[in-house]
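The sequence shown begins at 3 in the working numbering and counts up by one.
Every residue, glycine too, gets a C-beta built ideally from N, C-alpha and C.
No experiment lies behind these values; they were computed from the predicted model shown.
Reviewing the structure listed below.
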Amino acid sequence: MHAPSTPPSEAFIVEQCQRAADHIRAQAPGTWRVLLILGSGLGPLADAVGEATVLPYAAIPGFATSTVMGHAGRLVLGVLSGQRVMVMQGRQHFYEGYPLWQITLPVRVARLLGAEILIITNAAGGINRHFAVGDVMAIIDHINLVGMAGHNPLIGPNVSTFGPRFPEMTRAYDAAMIALAQQAAEEAGISLQQGVYACVAGPSFETPAELRFLRAIGADAVGMSTVHEVIVARHAGMRVLGLSGITNVARLSADEGEPPSHEEVMQAAQVIAPKMQQIIRGVLSRL
Ligand code: HPA
Numbered sequence: 003m004h005a006p007s008t009p010p011s012e013a014f015i016v017e018q019c020q021r022a023a024d025h026i027r028a029q030a031p032g033t034w035r036v037l038l039i040l041g042s043g044l045g046p047l048a049d050a051v052g053e054a055t056v057l058p059y060a061a062i063p064g065f066a067t068s069t070v071m072g073h074a075g076r077l078v079l080g081v082l083s084g085q086r087v088m089v090m091q092g093r094q095h096f097y098e099g100y101p102l103w104q105i106t107l108p109v110r111v112a113r114l115l116g117a118e119i120l121i122i123t124n125a126a127g128g129i130n131r132h133f134a135v136g137d138v139m140a141i142i143d144h145i146n147l148v149g150m151a152g153h154n155p156l157i158g159p160n161v162s163t164f165g166p167r168f169p170e171m172t173r174a175y176d177a178a179m180i181a182l183a184q185q186a187a188e189e190a191g192i193s194l195q196q197g198v199y200a201c202v203a204g205p206s207f208e209t210p211a212e213l214r215f216l217r218a219i220g221a222d223a224v225g226m227s228t229v230h231e232v233i234v235a236r237h238a239g240m241r242v243l244g245l246s247g248i249t250n251v252a253r254l255s256a257d258e259g260e261p262p263s264h265e266e267v268m269q270a271a272q273v274i275a276p277k278m279q280q281i282i283r284g285v286l287s288r289l
């Protein structure tokens, strides 16, 4: 494992991506239009994939294994709602100790295998007072506190095979994809929230003062993932749809309700997974 402070060379990253892509191509030939990344407790969505080829991350060169409960750690390739999708059942997080180039490697591998679209999900804490546990939020923008503090996945030599040195992030979350998600949600009778996702490193949950800070800077939800993959996908010119499942709501003072826990997150994810599935299938069938 490379320490985050010593990013590898462009050639190394490209070679790692190509080796992984070659391995996947040999097992599941053809191109894959959509990469779907499933967050904490949302893995069951992959069970709906038809004609599936299942590859454990441990068998794919360069893929890090997920160490977190609720993340299966397998790649499922097949057909979902008429689209050829590559589904990551579980992801890696910065707090697990993996460097960001490795956490985001699967996005680049998907790009090499033809992916034009990233649909990325996560479990998040609700900060917006109008959000309730069980809500789904379409991400309209993000605040990458981890990146702003010096851990951007593009730090190091630019991997010019994929994109430019200074990619812009003005429209990181595709408005047309959000509109498709709204249509799909409406059709399924689900109310879809929209908001700004703030990324923190974790794994400790936020203090009440940190949550008040996040609300003050304009965050609607907070989580420990997603933005790294989104930045790498945008760098590579992919269109992105981000969906957060609200698994707990922020306690902005210490004596407000119970503190959050991973168990609470996993429980709420069971309510959220069917909603996410309906929205994602609706989006895929409209692409
Ligand atoms: N904070 C950070 N990450 C999370 C939370 C939270 O409250 N809930 C689920 N992921």
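By a beta-carbon distance limit of 8 Å, residue 75 contacts residue 58. Their separation comes to about 6 Å.
DSSP places residue 269 in no beta strand (DSSP E) but in the uninterrupted alpha helix (DSSP H) bounded by 264-288. Residue pairing by DSSP places residue 144 opposite 199 in a beta bridge. Taking the Cβ atoms as the reference, residue 224 lies roughly 5 Å from residue 127, within the contact range of under 8 Å. No residue range can be given for residue 240, since it is assigned to no beta strand (DSSP E) and is classified by DSSP as neither H nor E.
Residue side-chain check: residue 276 keeps its Cβ at 7 Å or more from all non-hydrogen atoms of the ligand HPA. Around the beta carbon of residue 133, 16 or more other beta carbons sit within 10 angstroms, so the residue counts as buried. In this structure, residue 126 has its CB closer than 7 Å to one or more heavy atoms of the ligand HPA. For residue 113, the enclosing alpha helix (DSSP H) has its first and last residue at 107-114.
In the structure shown, the three-state DSSP call for residue 204 is coil. Close CB contacts of residue 240 within its chain, under the 7 Å cut and outside five residues either way in sequence, are with 113, 117, 118, 119 and 120 (chain order).
Leaving aside the five residues that flank residue 278 on each side, the residues in its chain whose CB is nearer than 8 Å to its CB run, in chain order, 44, 47, 123, 138, 245 and 247. The ligand HPA has no heavy atom closer than 7 Å to the beta-carbon of residue 65. Exclusion of the five residues before and after residue 227 leaves 95 and 124 as the residues of its chain whose Cβ lies within less than 6 Å of its Cβ. Per DSSP, reduced to three states, the secondary structure at residue 254 is coil, with no helix or strand assignment.
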